[in-house]
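For the sequence shown, position 10 matches number 9 in numbering that gives the first Met the number 0, and the numbering has no gaps at all. Input: a single structure, listed below in structure tokens.
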Amino acid sequence: MSQKTTNCVREAVENIEDLQDAVEENCPAGCYSNLLSPAYTLGNTVPFVLFTSKSKPFTAYGNVGELDNGPCFNTVFFRVEKVCDGCATLSLLIAFDEHKHILDFTDKDSVCDVFRLEKTHYCVEVDLHCFCAINCLNPRLLNRTHY
């Protein structure tokens, strides 16, 4: 008898991808437009944090070398773009505090300092089998302007 192995992180990321795709692919007045928020549309992104086997948030880097006329940054926040065979393309979400300063998660800032997340065009490819936990966050963190 073969035993089916599951990976809850992979399944969670695949479910997030399905929700985001449903919001993007259907007409704005359709039933999926409010899928991420029954009260009002919050957009098409469910931000999340992935955790390694050492219970540490996975960190990725964007604009290394500051080649795109912006600052180099690191982040622990992601948006799924595509999942295929247990691997995923994740967009990096840049994090800001309430004073519009970019947060640094290497050692000085805390995820509790996050006021706003913004999408970037920087991506990372990951093997979803390498992660032990996922923490989905409130979509209202994206492009937040006030409390």
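Ideal placement from N, C-alpha and C gives every residue a C-beta, glycine not left out. The model shown is predicted, which means the values in this text are computed figures rather than measured ones.
Asked                                                                     : Found
Beta bridge counterpart(s) of S90 as assigned by DSSP                     : R78 and C122
Beta-carbon gap between D106 and D96 smaller than 7 Å                     : no
Rounded straight-line distance, which links the Cα of T44 to that of H128 : 22 Å
Rounded separation between R143 and D84 - CA only                         : 33 Å
Simplified DSSP assignment, three categories, for E65                     : coil
Span separating the alpha-carbon of C7 from that of A132                  : 8 Å
Delimiting residues of the beta strand (DSSP E) encompassing F50          : F47 to F50
Spatially closest choice to L92 from V22, F72 and S52, by CA coordinates  : F72
For C131, three-class secondary structure by DSSP                         : coil
Closest Cα partner of N134 within the set Q19, D20, F57 and L18           : F57
Backbone secondary structure at E117 - three-state DSSP                   : strand
For F83, three-class secondary structure by DSSP                          : Checking the sequence shown, residue 83 turns out to be Cys, not Phe. The answer is strand: DSSP assigns C83 an E or B state.
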